[in-house]
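In our numbering, the protein residues as written are 3 to 211. Backbone N, C-alpha and C fix where the C-beta goes; we use that ideal spot for every residue, glycine too. Reading through the structure tokens given below for one structure.
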Ligand code: TMP
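Laid out in structure tokens, this is it:
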């Protein structure tokens, strides 16, 4: 059995990740591939309980360190329960956020030392790094306006514009650090423009490779 491919979607708030996860899943299924759509934090029953603790409550409810560790606790459960079993049976796994969100939100924008994140990452994720990471890049003003229009402001959307600007820079920095698996997608265009840029990246990197 050929293992499936692991694709993660990353970026700031309101970049349109969930819509794009759905569209890519449909396109891959139309080619006859088995697809599992999932998200972080969450994606498995215990991890979803941790998600609730992470995204609700006051903006300063957790220290960035606690947040990083809680996200990795959820990630450990998600990998064991959902991601690895799906990949092993040949499904492609499309995940709305993964470890680059911890590196960006808690690490680069939240000042948790990257050495701490890298050490926990090596233990929890091990060899299960994504085959492809799509970084949806959007100006924070546009992304936050979209997120507010959706009416579901979470703890992170309540943080100020400066935090979100730092976040955008952080994702671009990560795209350089992990250039072999990351592709930056301009998320300022229409849904169709974004999904066709994503399809190009998937075809070039994973289907034709
Ligand atoms: P979302 O599912 O709407 O993207 O919300 C999840 C929130 O959690 C989002 O604001 C980003 C944040 N987050 C982190 O801060 N660190 C992480 O490791 C992950 C996976 C998400």
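Given 8 Å as the limit, is there contact between the region 108-116 and the region 166-184, that is, 3 or more CB pairs closer than that?
-> Flag = yes, the region 108-116 and the region 166-184 touch.
For residue 14, does the count of other Cβ atoms within 10 angstroms reach 16, so buried, or fall short, so exposed?
-> As a working mapping, residue 14 is identified with position 12 in the chain shown. Result: buried.
Which of the three DSSP states, helix, strand or coil, is assigned to residue 218?
-> In the structure as shown, the chain starts at 3 and stops at 211, and residue 218 therefore has no counterpart that could be examined.
Per-residue burial, residue 198 [other beta carbons within 10 Å of its own, 16 or more giving buried] = Mapped onto the chain shown, residue 198 falls at position 196. Here residue 198 is exposed, its C-beta having fewer than 16 other C-beta atoms within 10 Å.
Under 7 Å from any heavy atom of the ligand TMP, does the C-beta of residue 52 make it?
-> Residue mapping note: residue 52 aligns to position 50 of the chain shown, counting from 1. Residue 52 Cβ: outside cutoff for every heavy atom of the ligand TMP.
Cβ pair residue 11, residue 130 closer than 8 Å = Translated into the one-based positions of the chain shown, residue 11 becomes position 9. Translated into the one-based positions of the chain shown, residue 130 becomes position 128. Result no, Cβ atoms of residue 11 and residue 130 do not sit closer than 8 Å.
Contact between the region 46-66 and the region 17-32 (3+ Cβ pairs under 8 Å) = no
Taking only runs that begin and end inside the region 153-179, name each unbroken alpha helix (DSSP H) of 4 or more residues, in chain order.
-> Here the runs fully enclosed are 163-179.
So which of 164, 107, 136 and 67 has the shortest CA-CA distance to residue 206?
-> For the purposes of this step, residue 206 is taken as residue 204 along the chain shown, with counting starting at 1. Considering only alpha carbons, the answer is 136.
Contact belief for residue 149 with residue 159 at Cβ below 8 Å, rounded distance in angstroms | Within the chain shown, the letter at position 147 stands for residue 149. Within the chain shown, the letter at position 157 stands for residue 159. Between residue 159 and residue 149 the Cβ distance is about 5 Å, and since that is below 8 Å, they are a contact.
Between the Cα of residue 40 and those of 200, 184, 3 and 22, spot the shortest distance and give me the residue it belongs to.
-> Looking up residue 40 in the chain shown gives position 38. Distance from the Cα of residue 40 is smallest, within the candidate group 200, 184, 3 and 22, for 22.
Would you decide whether residue 210 is buried or exposed? Buried here means 16 or more other CB atoms lie within 10 Å of its CB.
-> Taking the chain shown and counting its residues from 1, one reaches residue 210 at position 208. Exposed.
Close Cβ partners of residue 180 (< 8 Å) along its chain, the five nearest in sequence each way excluded = Taking the chain shown and counting its residues from 1, the one referred to as residue 180 is at position 178. If we look at residue 180 and ignore the five residues flanking it on each side, its Cβ neighbours are 102 and 135.
Beta carbon of residue 93, beta carbon of residue 37: below 8 Å?
-> Indexing the chain shown from 1 puts residue 93 at position 91. Indexing the chain shown from 1 puts residue 37 at position 35. Yes; because the gap between Cβ atoms is below 8 Å, this pair is in contact.
Sub-8 Å separation of residue 5 and residue 90 beta-carbons | Here residue 5 refers to the residue found at position 3 of the chain shown. Here residue 90 refers to the residue found at position 88 of the chain shown. Going by C-beta atoms, residue 5 is nearer than 8 Å to residue 90.
Those runs of the alpha helix (DSSP H) which lie wholly inside the region 70-104 and span at least 4 residues = 86-90
Identity of the residue in 208, 132 and 139 nearest residue 188 by Cα = Here residue 188 refers to the residue found at position 186 of the chain shown. Cα-wise, what sits closest to residue 188 is 139.
First through last residue of the alpha helix (DSSP H) which encompasses residue 120 = What you label residue 120 is simply residue 118 of the chain shown in a count that begins at 1. For residue 120, the uninterrupted alpha helix (DSSP H) segment begins and ends at 116-126.
Selection from 31, 200, 58 and 42 that minimises the alpha carbon distance to residue 2 = Lying before the first or after the last residue shown, residue 2 is absent from the chain, which here runs from 3 to 211.
For the ligand TMP, any of its heavy atoms closer than 7 Å to the Cβ of residue 56?
-> Numbered from 1 along the chain shown, position 54 holds the residue referred to as residue 56. At least one heavy atom of the ligand TMP is nearer than 7 Å to the Cβ of residue 56, so yes.
Check whether the Cβ of residue 22 lies closer than 7 Å to any heavy atom of the ligand TMP, and answer yes or no.
-> For this step, residue 22 is matched to residue 20 along the chain shown. Placement of the Cβ of residue 22 at a distance of 7 Å or more from every heavy atom of the ligand TMP is found.
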